[in-house]
Every structure is written in C-alpha cells, then in structure tokens.
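Using our numbering, the letters of the sequence shown correspond one by one to residues 313 to 559.
Reviewing the structure listed below.
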Amino acid sequence: MPHTLYAASYSPWSEKARWALDHAGVAFTEVAYTPLLSEASFRFKRGGLTGAVSIPTLLGAGEPISDSLRIARWADGQGDGTLFPEAHLEEIEEWNYRCEAALAAGRILATRRVAGSEAARREALPAPLRGALYPFFAPLADVGIAFLTRKYDFGEASSEAAEQTIWKTLEAGRLAIRDGGGHPVGDRFTFADIALASSLHFVSPHASLQMGEATRACFTHPALAQEFSDLLAWREACYEAHRRRAR
Ligand SMILES: N[C@@H](CCC(=O)N[C@@H](CS)C(=O)NCC(=O)O)C(=O)O
C-alpha cells in the first residue's frame, strides 16, 4: 500500500513528519487536511470512526501512525537510522517534548491572531470556499477556530505565559547549539534539530511552507523573531544542509 501523509501545509507538526520522511527517502503522497471539514472522510480512510484525530497521520505503514515523533521514528527505521541514534534517544525525546510545548504555546497565539484577521480566516477555508462562495462559508472559519480552542483547551490560557514558554524553549535551544557546536544533541544532525527548527514556526514560519500571506503574518511574532534572529539563521542553515526532498 502506498504511504499517505494526512497533513496541513501550514502546520509545523506536519513539517516535522514530512522532513523525517524525506530525510529517510520514504516516498509518500500528501493529502491536505482541513480541521473539522476533512475529519469525516479522514476517519473513513483511516478506519476507527470514534478514535481521536491528530494530524499528521501516516497511512500505509501497517497501523495508522499519528504524532510527528512516532512517524519520524518509523521513517528513520526505513532509512539510515541517523535521526534517532540509540545513545541519544532520551535527550532527543526531551528536546521534542520541550519543542512541543513551544508549538502548543505558539498555536494559542497564532489562533488568536487568526481569529482577529478577516483575511486569515478566509485563507483558513479550503480554496473552493474562498472565492464567490465566501460570504456563505465565512462563519465556518469561526466554527473551526472555536473547535480548535475547545479541542486544545486554551480558551483561558494567558498569552503572556504562552510567550514565556516559547522564549524558554528558544533560549535553551540557543544555548544548546552554542555548547554543542551547531546541534542541540550530540555532534550530528538528529531529530532534535528538526524539532528545534520547527519550534520557530510560530515565531517566523519557514519560507518553504505554503500558507497565505495573512496566515503567515498571524504566525509571526516580530519581537521574538528579532530576539532569536541567530536561531532563525541556524534554522536556515539546517534547511540548506539537511532538508532533503524525497519527491
Ligand atoms: N503531538 C502531535 C501534535 C499534532 C497536532 O497538534 N495536530 C493538530 C494540528 S493544529 C491537529 O491535528 N489539528 C487538526 C484537528 O485537531 O482537527 C504531533 O506531534 O503530531
């Protein structure tokens, strides 16, 4: 069965999985997933009509694999095994955990900005609904935002605390890279590099990720981008040296 990755072009979790699959040379087809709207057909293809839905999910590798870390570990097993060297497994998982905290915090800030931007709400709808039909479908974006706010339970979360969480991850990343000679773990490129690179997504999304201009603006945190410009430069070098494209 061919490998299919259900993913969102603008999502850092999807990019983590995509990067690991590409790094391992696994061929796959990507299917665009829109929260809520794609859920029913996704459940049908995945099987398990009632279980939780989490994107990215990889189909075609035995049981469906959800969660970017699990997809990456599976991919690495198909490739050269360099993303998860046995000697550093625990440290890599710790970095992933830390970077997930920054992404969850970034999602809070970004979703709030999208909620306040008419243009970004429009971009959140699938392309056929953004044109002449938009006036009829505009409320769907608000339903989607309310859905994500409830699902990830951040209605009450403080934006300042979210910024602090991102700051702590990035500051730790900056120090680790300085001490580690360019890599957060060990002296080679591993999944910890991918996780740390992705944790900058809600500071300044990487230029290679497709998203509308208004969405990109909502996903950008100018003050943090300025403070961590060295890390953004590090991410750029990471993409240049290690972002192989399998397709
Ligand atoms: N730990 C998971 C997190 C993935 C995640 O948060 N996915 C969100 C992205 S916004 C999702 O599935 N959203 C679609 C939905 O909830 O319907 C991973 O690394 O894959």
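Note that beta-carbon positions come from the ideal geometry of N, C-alpha and C, so glycine has one too.
Do H315 and L381 have their beta-carbon atoms positioned less than 8 Å apart in this structure? Walking along the sequence shown from the start, residue 381 turns up at place 69. Walking along the sequence shown from the start, residue 315 turns up at place 3. Not closer than 8 Å, so no.
CB of S323 to nearest heavy atom of ligand 1: below 7 Å? On the sequence shown, residue 323 is found 11 positions in, with the first residue counted as 1. Yes, the Cβ of S323 comes within 7 Å of a heavy atom of ligand 1.
CA-CA distance, I506 and W331? Locating residue 506 in the sequence shown gives position 194, counting from the first residue. Locating residue 331 in the sequence shown gives position 19, counting from the first residue. Approximately 8 Å between the Cα atoms of the pair.
Looking at S510: is its Cβ nearer than 8 Å to the Cβ of L415? Within the sequence shown, numbered from 1, the residue matching residue 510 stands at position 198. Within the sequence shown, numbered from 1, the residue matching residue 415 stands at position 103. Their beta carbons are under 8 Å apart, which means S510 touches L415 by this criterion.
Under the DSSP definition of a beta bridge, which residues are partnered with I478? By one-based count along the sequence shown, residue 478 stands at place 166. Looking at the DSSP assignment, I478 forms no beta bridge with any residue, so it has no partner.
Under the DSSP definition of a beta bridge, which residues are partnered with A344? Here residue 344 refers to the residue found at position 32 of the sequence shown. A319.
Give me, in chain order, the residues of the same chain whose beta-carbon lies closer than 6 Å to that of V515; leave out the 5 immediate sequence neighbours on both sides. Locating residue 515 in the sequence shown gives position 203, counting from the first residue. Beyond the five residues adjoining it in sequence on each side, V515 comes within less than 6 Å, by CB distance, of H533, L536, A537 in the same chain, given in chain order.
Would Q390 and A336 be called neighbours here (beta carbons separated by less than 8 Å)? Indexing the sequence shown from 1 puts residue 390 at position 78. Indexing the sequence shown from 1 puts residue 336 at position 24. Taking 8 Å as the cut-off, the beta carbon of Q390 is found closer than this to the beta carbon of A336.
Who are the Cβ neighbours of E403 in its own chain at under 6 Å, not counting the five residues just before and after it? Against the sequence shown, residue 403 aligns to sequence position 91. Taken in chain order, the residues that qualify are V497.
What did DSSP end up calling I457 once you bin it into helix, strand or coil? Here residue 457 refers to the residue found at position 145 of the sequence shown. In the structure shown, I457 sits in a helix (DSSP, three-state: H, G or I).
Relative to ligand 1, is the shortest distance from any of its heavy atoms to the C-beta of S366 smaller than 7 Å? Residue 366 sits at position 54 when you count from the first residue of the sequence shown. S366 Cβ: within cutoff of ligand 1.
For T369: DSSP bridge partner residues: Here residue 369 corresponds to residue number 57 of the sequence shown, with the count starting at 1. The bridge partners DSSP lists for T369 are Y318, S378.
Between Y464 and R419, is the Cβ-Cβ spacing less than 8 Å? Taking the first residue of the sequence shown as position 1, residue 464 is located at position 152. Taking the first residue of the sequence shown as position 1, residue 419 is located at position 107. Taking a C-beta distance under 8 Å as the contact criterion, Y464 and R419 qualify as a contact pair.
In angstroms with no decimal places, state the Cα-to-Cα distance between F266 and A417. The structure shown does not extend to residue 266, since the chain spans only 313 to 559, so no value can be given for it.
Alpha carbon to alpha carbon, how far is S378 from P355? Give it in angstroms, no decimals. In the sequence shown, the residue the question calls residue 355 occupies position 43. In the sequence shown, the residue the question calls residue 378 occupies position 66. What sits at residue 355 in the sequence shown is Arg, not Pro. Rounded to whole angstroms, R355 to S378 spans 13 Å at the Cα level.
Could you tell me the distance, in whole angstroms, from the CA atom of Y322 to the CA atom of D491? Residue mapping note: residue 322 aligns to position 10 of the sequence shown, counting from 1. Residue mapping note: residue 491 aligns to position 179 of the sequence shown, counting from 1. Roughly 31 Å between the two C-alpha positions.
In or out: G428 buried (at least 16 other Cβ within 10 Å) or exposed? Locating residue 428 in the sequence shown gives position 116, counting from the first residue. By the beta-carbon neighbour count (other beta carbons within 10 angstroms, threshold 16), G428 is exposed.
Under the criterion of a Cβ to heavy atom distance below 7 Å, does E405 qualify as lining ligand 1? The sequence position of residue 405 within the sequence shown is 93, counting from 1. Every heavy atom of ligand 1 is 7 Å or more from the Cβ of E405, so no.
How long is the line joining the alpha carbons of S326 and H518, rounded to whole angstroms? Locating residue 326 in the sequence shown gives position 14, counting from the first residue. Locating residue 518 in the sequence shown gives position 206, counting from the first residue. Cα atoms of S326 and H518: separation of roughly 13 Å, rounded to the nearest angstrom.
Give a yes or no on whether the C-beta atoms belonging to R557 and D388 are separated by under 8 Å. Against the sequence shown, residue 557 aligns to sequence position 245. Against the sequence shown, residue 388 aligns to sequence position 76. It is not a contact, given that the beta carbons lie outside the stated cut-off.
Between G493 and A320, what straight-line distance do the alpha-carbon atoms span, to the nearest angstrom? Taking the sequence shown and counting its residues from 1, one reaches residue 493 at position 181. Taking the sequence shown and counting its residues from 1, one reaches residue 320 at position 8. Taking the CA atoms as reference points, G493 sits about 33 Å from A320.
Can you find the residues in the same chain that come closer than 8 Å, C-beta to C-beta, to T341, ignoring five residues on each side of it along the sequence? Sequence index remark: in the sequence shown, residue 341 carries index 29 (1-based). The answer, listed in chain order, is P314, H315, T316, L317.
Could you pull the start and end residues of the alpha helix (DSSP H) that R355 belongs to? For this step, residue 355 is matched to residue 43 along the sequence shown. Note, R355: alpha helix (DSSP H), 351-358.
Would you kindly report the start and end of the unbroken alpha helix (DSSP H) that includes R419? On the sequence shown, residue 419 is found 107 positions in, with the first residue counted as 1. Segment 401-427, the alpha helix (DSSP H) holding R419.
Quick one: is V426 buried, meaning 16 or more other Cβ sit within 10 Å of its Cβ, or exposed? As a position in the sequence shown, residue 426 is number 114, starting the count at 1. It counts as buried.
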